[in-house]
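Written out below as structure tokens is the structure these notes cover.
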Amino acid sequence: MKQKSKAALLSTSAWLIILIFSFPLLWMVLASFKTQAQIMSTDNLLIFKPTLKNYSAVFEQYNFMKYIGNSAVVALGSTLGSLLLGLPAAYAIARYKLQGLALTILVARIIPAITFLIPWFILFSGLKLVDTFTALILTHMLVGLPFIIWIMIPFFESLPQEIEEAALIDGCSKFKVFLRIVLPISGPGVITSSLMSIIFSWNNFLFSIILAGEKTKTLPVAIFNFISYSEVNWGGIMAAACIITLPIILIALVAQRYVVSGLAAGALKG
Amino acid sequence: MRTAWLDKNIKWVFTLPAVLFVILMMAFPIFYTVRISFFEWSMSAVTPPRWVGLDNYIELLNSERFWQSVKATLYFTVLALVVETVLGVAIALVLFREYKGKNIAKTLFLLPMVSTPVAMGLVWLLIYEPTIGAANMMLKWFGFKPLEWLGNVNQAIPSLAIIDIWQWTPMVCLIVMAGLSTLPKDPYESAEVDGASAWQKLIYITLPLVRPTIIVAMMLRLIDVLKTFDIIYATTQGGPGSASETLNIYTYMLGFQFFKLGSASSLLVIFFTIILIFTLLMIWIRKRLGA
Numbered sequence: 014m015k016q017k018s019k020a021a022l023l024s025t026s027a028w029l030i031i032l033i034f035s036f037p038l039l040w041m042v043l044a045s046f047k048t049q050a051q052i053m054s055t056d057n058l059l060i061f062k063p064t065l066k067n068y069s070a071v072f073e074q075y076n077f078m079k080y081i082g083n084s085a086v087v088a089l090g091s092t093l094g095s096l097l098l099g100l101p102a103a104y105a106i107a108r109y110k111l112q113g114l115a116l117t118i119l120v121a122r123i124i125p126a127i128t129f130l131i132p133w134f135i136l137f138s139g140l141k142l143v144d145t146f147t148a149l150i151l152t153h154m155l156v157g158l159p160f161i162i163w164i165m166i167p168f169f170e171s172l173p174q175e176i177e178e179a180a181l182i183d184g185c186s187k188f189k190v191f192l193r194i195v196l197p198i199s200g201p202g203v204i205t206s207s208l209m210s211i212i213f214s215w216n217n218f219l220f221s222i223i224l225a226g227e228k229t230k231t232l233p234v235a236i237f238n239f240i241s242y243s244e245v246n247w248g249g250i251m252a253a254a255c256i257i258t259l260p261i262i263l264i265a266l267v268a269q270r271y272v273v274s275g276l277a278a279g280a281l282k283g
Numbered sequence: 017m018r019t020a021w022l023d024k025n026i027k028w029v030f031t032l033p034a035v036l037f038v039i040l041m042m043a044f045p046i047f048y049t050v051r052i053s054f055f056e057w058s059m060s061a062v063t064p065p066r067w068v069g070l071d072n073y074i075e076l077l078n079s080e081r082f083w084q085s086v087k088a089t090l091y092f093t094v095l096a097l098v099v100e101t102v103l104g105v106a107i108a109l110v111l112f113r114e115y116k117g118k119n120i121a122k123t124l125f126l127l128p129m130v131s132t133p134v135a136m137g138l139v140w141l142l143i144y145e146p147t148i149g150a151a152n153m154m155l156k157w158f159g160f161k162p163l164e165w166l167g168n169v170n171q172a173i174p175s176l177a178i179i180d181i182w183q184w185t186p187m188v189c190l191i192v193m194a195g196l197s198t199l200p201k202d203p204y205e206s207a208e209v210d211g212a213s214a215w216q217k218l219i220y221i222t223l224p225l226v227r228p229t230i231i232v233a234m235m236l237r238l239i240d241v242l243k244t245f246d247i248i249y250a251t252t253q254g255g256p257g258s259a260s261e262t263l264n265i266y267t268y269m270l271g272f273q274f275f276k277l278g279s280a281s282s283l284l285v286i287f288f289t290i291i292l293i294f295t296l297l298m299i300w301i302r303k304r305l306g307a
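Heads up: the sequence lines are chains A and B, in that order.
The opening residue of the first sequence carries number 14 in my numbering; numbering runs sequentially from there.
The opening residue of the second sequence carries number 17 in my numbering; numbering runs sequentially from there.
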């Protein structure tokens with residue numbers, strides 16, 4: 014009997030904690046279906062007639078489809094670029110024990126990103142690259158690349174070397190060993206590190222407020238279109254917040270295992 | 017022949033592109049920032065950068081606004097870090113046990129930390145709204161007086177810290193839970209034989225054993241909390257007045273609102289030094305505690 018009530022207490026408190034932490038997201042979703050008048054009143058907090066007007070305004074008036082596209086181009090582009098540079102580098106660091114090199118790249122994690130912003134702004138202005146995807150993808154890669162390298166170094170280290178050695182003896186070149194043998198068995202590591210890179214690029218705000226313009230504005234910057242001096246369009250902001258958050262929440266839910274291990278790996282190396 | 021060359025130098029062929037990229041994107045900006053911190057420059061075509069030596073630094077160190085931002089940064093960092101650690105460890109101890117729906121609970125717990133910070137800042141802006149916000153509504157339910165939250169000079173930093181705590185306590189939890197899952201069983205068995213209470217087991221066995229993991233989590237959070245930008249920019253932009261203007265926000269304002277690139281750069285050098293000192297301190301503590 015005592016055991017049973019203890020178990021009930023444990024699961025109640027666990028779910029209470031989860032409820033408290035889910036509250037802001039729940040509130041965001043509810044408000045996104047309310048009219049401005051419903052948000053401004055404190056009656057009918059949970060039960061109300063939902064409206065889709067906020068969502069249609071986000072897409073029609075504020076042209077959110079374009080910003081979703083922009084964010085996707087930058088997130089995918091910077092992740093691909095980071096994989097291209099990061100996978101071979103991580104493999105070489107893991108196999109040839111280039112610890113110093115690994116550390117140098119990890120410094121990017123500690124330095125405040127704003128440090129790079131002034132020189133980048135000057136540099137990209139000079140090269141006429143402000144408001145281009147090139148500038149955004151290159152800068153976002155500086156966030157993605159360290160993540161990919163960190164997650165992949167221990168992953169490559171844990172791969173059995175016997176297969177690689179056997180292939181080398183059979184006359185396979187080192188480059189081909191990497192391409193044909195190492196990469197195909199590295200799926201889980203590549204997925205984990207790519208997801209991390211996509212999530213961090215999607216959420217990035219600081220680089221985009223300075224380096225994006227009308228053409229390349231990403232979602233986190235576009236959401237500020239809803240704040241005018243006269244009145245805050247709360248319903249619109251909440252709908253926009255839902256739209257920004259939804260894709261990465263879906264990623265996190267579907268690939269939960271990878272996201273957890275990615276966050277943990279990123280954390281332990283930091 | 018070419019294959020042989022490639023095989024011999026594969027180490028460098030594989031790492032060079034990444035290294036060059038990092039140097040171009042990172043090392044160059046750092047040197048550049050240090051350099052222009054000795055210049056007065058407003059990014060206009062008419063007045064070229066002018067060498068002023070240490071003037072930017074001296075001016076900053078003598079300005080009230082700079083010290084205000086140092087204070088705001090430390091206050092925010094210490095508050096968020098302490099609460100996140102205590103709460104994170106406590107929640108990890110609860111969520112780590114077996115209960116109904118543990119897997120779903122763990123997944124839901126993941127959501128705050130992947131959610132886009134700027135968007136979450138705006139969601140909290142609505143929650144903190146003095147007249148229609150959920151925060152004051154709840155205070156009223158429980159019979160407390162409503163607060164001004166982000167609008168009050170004294171409440172702004174704690175209110176911002178709550179947002180950071182909401183978003184990142186799950187991260188501390190996650191790391192601590194990973195640490196808990198690797199603990200050995202033997203100490204608990206012998207403690208059981210000795211008749212130790214659950215509390216004693218927690219204080220004398222569990223906490224000392226997960227201490228290294230807790231320190232790792234704190235280090236990571238420390239580095240990130242010091243650099244918090246998105247949620248502050250989205251909610252208060254440093255206000256009211258300059259009550260929540262942390263070093264990161266102040267640098268942004270100096271550089272991109274007032275276009276005082278020289279001063280902003282010298283502020284960055286100071287900011288970076290502070291982060292470096294904190295990081296080294298944490299590494300030293302970690303070593304001292306035998307993590």
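For every residue, glycine included, the Cβ atom is placed at its ideal position computed from N, Cα and C.
A Cβ-Cβ separation of about 10 Å leaves T267/B out of contact with F288/B under the 8 Å criterion. By the 16-neighbour rule on beta-carbons within 10 angstroms, T89/B is buried. Among the residues of chain B, none has a CB under 8 Å from the CB of T145/A; the nearest is roughly 16 Å distant.
F82/B sits in a helix when the DSSP states are folded into three classes.
Taking Q253/B as the centre and dropping the five residues before and after it, the same chain places the C-beta of I265 closer than 8 Å to its C-beta, in chain order.
Among the residues facing chain B, I194/A is not included, as its CB has no counterpart in that chain under 8 Å away.
For F191/A, same chain residues with a beta-carbon under 8 Å away, outside a window of 5 residues either side, are P101 and Y104 in chain order. For the region 148-176 of chain A, the set of positions with a beta-carbon nearer than 9 Å to some beta-carbon of chain B reads L151, T152, M154, L155, L158, P159 and I162 in chain order. For A102/A, the chain B residues whose Cβ falls inside 9 Å of its Cβ are F30, T31, L32, P33, A34 and V35, in order along the chain. Among the residues of chain B, those whose CB is under 8 Å from the CB of L38/A are L127, P128, S131 and V139, following chain order.
Within the region 205-218 of chain A, the residues whose Cβ lies closer than 8 Å to any Cβ of chain B are, in chain order, I212, W215, N216 and F218. Proximity to P146/B across N57/A, M53/A and K187/A peaks at M53/A, based on C-alpha coordinates. DSSP, read as helix, strand or coil, puts V169/B in coil. Taking 7 Å as the upper bound on Cβ-Cβ separation, chain A lies near residues F245, D246, N264, T267, Y268 and G271 of the region 244-271 of chain B. When the Cα atoms are used, G249/A and S45/A turn out to be separated by approximately 7 Å. Out of I161/A, S199/A, W163/A and F134/A, the CA that lies nearest to the CA of L149/A is found in F134/A. Along the region 44-73 of chain A, going in chain order, the ones with a CB nearer than 7 Å to a CB of chain B are A44, I52, M53 and T55.
I240/A is bridged by DSSP to V245/A. Residue range Q112 to I123 is occupied by the alpha helix (DSSP H) that includes L114/A.
DSSP places W163/A in the uninterrupted alpha helix (DSSP H) bounded by F146 to S171. In the structure shown, F47/B falls within a helical segment according to DSSP collapsed to helix, strand and coil. Within its own chain, the residues whose Cβ lies closer than 8 Å to the Cβ of I256/A, once the five positions on either side in sequence are excluded, are Y68, V71, F77, I81 and L232, listed in chain order.
At a Cβ-Cβ threshold of 8 Å, T55/A and I46/B do not count as neighbours.
Among the residues facing chain B, G82/A is not included, as its CB has no counterpart in that chain under 8 Å away. E56/B carries a strand assignment under DSSP once its states are collapsed to helix, strand and coil.
Counting every other CB atom within 10 Å of its CB across the protein chains shown gives E244/A a total below 16, marking it as exposed. Annotation note: the region 184-239 of chain B contains the following uninterrupted alpha helix (DSSP H) runs of length 4 or greater, listed N- to C-terminal: 202-209 and 214-217. The three-state secondary structure of R66/B, taken from DSSP, is strand. When C-beta atoms of the region 163-175 of chain A are compared with those of the region 106-116 of chain A, three or more pairs fall below 8 Å, so the two segments count as touching. A check of alpha carbon separations from P159/A across K243/B, A34/B and I293/B identifies A34/B as the nearest. For M41/B against L89/A, the beta-carbon gap comes to about 19 Å, at or over 8 Å, which does not count as contact. A distance below 8 Å between beta-carbons, with the five flanking residues on each side excluded, links E177/A to the following residues of its chain, in chain order: V190, I194 and V195. Straight-line measurement puts the Cα of S258/B at about 31 Å from the Cα of G159/B.
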